[in-house]
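Just below is one structure, and these are the notes that go with it.
Right under this line is the structure:
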């Protein structure tokens, strides 16, 4: 029953993140991306500051403001700038498809920087997955969109963030880490406003509702992921993270009139297939090591 609840929470979280992406993309048609990030950072940061206070965690915990947590916040800022900019310029389904390569980038980073053992099978899966990315982006071909490279920047930044999360002090409360992440959104948004054209605009009419929706669904998505990982087995819930791509394709078709072409769908299939294989391979190795240690 716990695994079923965990799966439902992951699907709920992926739907929440997709709706957040939808609001960001819609708002980027009338507001600078930097302004959107600042407002999301203020709204979501306030939520996690309140949660930290209710749970008795100090936002000024010295352990949270050491080098590694600050580096993590920096990678969060880079990921937010790249991902939100990509959403404003590229089809939401394309962004979501390339973003599914994140687990492969994490596995690659763990092997290169954390000394984790990755055999030839998983390296092969990583290369197949990134071949799928190339199939979607199509560099040098007629369908190439340079802006899609921003998603790759976001993938690498999120992978770096997750690898740093593994090595920061586990005593730092997750609400404090999340607060830091959203503070970094405010700073990255301000930087984008300085570096890109377009002045901040007052929100009017439905823009207030869309901004509130972005904050609410982003926070709910985060809550869903945290709750799912606490009650469900990773082996059961992880494959359902890929439902985000299905939701994104649906939103892209219904809300933005997108029609993913065959190479995009084929590339997404390669990415998801290689990601699932990598996950299952890691699970098998972990089980084998556990049996050997018993």
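Residue numbers (this note's numbering): 162 to 455.
C-beta atoms are modelled at their ideal positions from N, C-alpha and C, and glycine is treated no differently.
Would you kindly work out how many angstroms separate the C-alpha atoms of residue i and residue j, rounded to a whole number?
i: residue 399; j: residue 207; result: 29 Å
i: residue 397; j: residue 287; result: 21 Å
i: residue 242; j: residue 453; result: 45 Å
i: residue 348; j: residue 425; result: 33 Å
i: residue 294; j: residue 214; result: 42 Å
i: residue 428; j: residue 422; result: 10 Å
i: residue 416; j: residue 298; result: 22 Å
i: residue 228; j: residue 335; result: 17 Å
i: residue 410; j: residue 252; result: 9 Å
i: residue 401; j: residue 322; result: 21 Å
i: residue 221; j: residue 434; result: 42 Å
i: residue 326; j: residue 339; result: 11 Å
i: residue 365; j: residue 291; result: 41 Å
i: residue 383; j: residue 180; result: 13 Å
i: residue 407; j: residue 254; result: 8 Å
i: residue 332; j: residue 448; result: 27 Å
i: residue 324; j: residue 271; result: 7 Å
i: residue 217; j: residue 418; result: 46 Å
i: residue 405; j: residue 310; result: 20 Å
i: residue 443; j: residue 451; result: 12 Å
i: residue 165; j: residue 403; result: 16 Å
i: residue 312; j: residue 223; result: 33 Å
i: residue 445; j: residue 377; result: 37 Å
Which same chain residues end up closer than 7 Å to residue i when comparing Cβ atoms and leaving out the 5 residues on each side of it in sequence?
i: residue 341; result: 225, 230 and 234
i: residue 319; result: 240 and 263
i: residue 266; result: 316, 317 and 320
i: residue 163; result: 392 and 393
i: residue 268; result: 279, 283, 287 and 439
i: residue 329; result: 229, 230 and 233
i: residue 343; result: 202, 205, 206 and 209
i: residue 441; result: none
i: residue 274; result: 324
Please check the pair residue i and residue j, which I expect to be a contact at CB under 8 Å, by giving their CB distance rounded to whole angstroms.
i: residue 200; j: residue 372; result: 5 Å
i: residue 379; j: residue 205; result: 6 Å
i: residue 412; j: residue 175; result: Contact doesn't hold; Cβ gap of about 11 Å is too wide.
i: residue 103; j: residue 308; result: What is shown of the chain runs 162 to 455, which leaves residue 103 out entirely.
i: residue 193; j: residue 354; result: 6 Å
i: residue 202; j: residue 381; result: Contact doesn't hold; Cβ gap of about 17 Å is too wide.
Leaving out five residues on either side along the sequence, give the residues of the same chain with a beta carbon under 6 Å from the beta carbon of residue i.
i: residue 438; result: 286
i: residue 314; result: 243
i: residue 345; result: 234, 237 and 238
i: residue 305; result: 299
i: residue 173; result: 385
i: residue 209; result: 336, 339 and 340
Excluding the 5 residues flanking residue i on each side, which residues of the same chain have their C-beta closer than 8 Å to its C-beta?
i: residue 197; result: 185, 188, 189, 245, 350, 372 and 375
i: residue 362; result: 191, 192, 193 and 196
i: residue 431; result: 289, 290, 292, 293 and 296
i: residue 219; result: 213 and 337
i: residue 420; result: 414
Quiz item: Touching or not, the segment 377-390 and the segment 166-176, by the rule of three or more beta carbon pairs under 8 Å?
Solution: The answer is yes - the segment 166-176 touches the segment 377-390, with three or more Cβ pairs under 8 Å.
Practice problem: Tell me the start and end of each unbroken beta strand (DSSP E) in the segment 187-234 that is at least 3 residues and wholly inside, in chain order. | Solution: You should have found no qualifying run.
Quiz item: Quick one: any contact between the segment 267-282 and the segment 356-363, if contact means 3 or more CB pairs under 8 Å?
Solution: With fewer than three CB-CB distances shorter than 8 Å, the segment 267-282 does not count as touching the segment 356-363.
Exercise. Could you name each continuous alpha helix (DSSP H) segment of 4 residues or more that falls completely within the segment 307-341, going from the start of the chain to the end?
Key: Counting whole runs of 4 or more residues, the segment 307-341 contains the alpha helix (DSSP H) stretches 310-328.
Quiz item: If we count Cβ pairs, one from each stretch, closer than 8 Å, do we get three or more for the segment 363-371 versus the segment 255-274?
Solution: Under the Cβ criterion (8 Å, minimum of three pairs), the segment 363-371 does not count as touching the segment 255-274.
Quiz item: What are the complete alpha helix (DSSP H) segments, minimum 4 residues, inside the segment 394-419?
Solution: As far as the segment 394-419 is concerned, its whole alpha helix (DSSP H) runs of at least 4 residues are 395-398 and 404-417.
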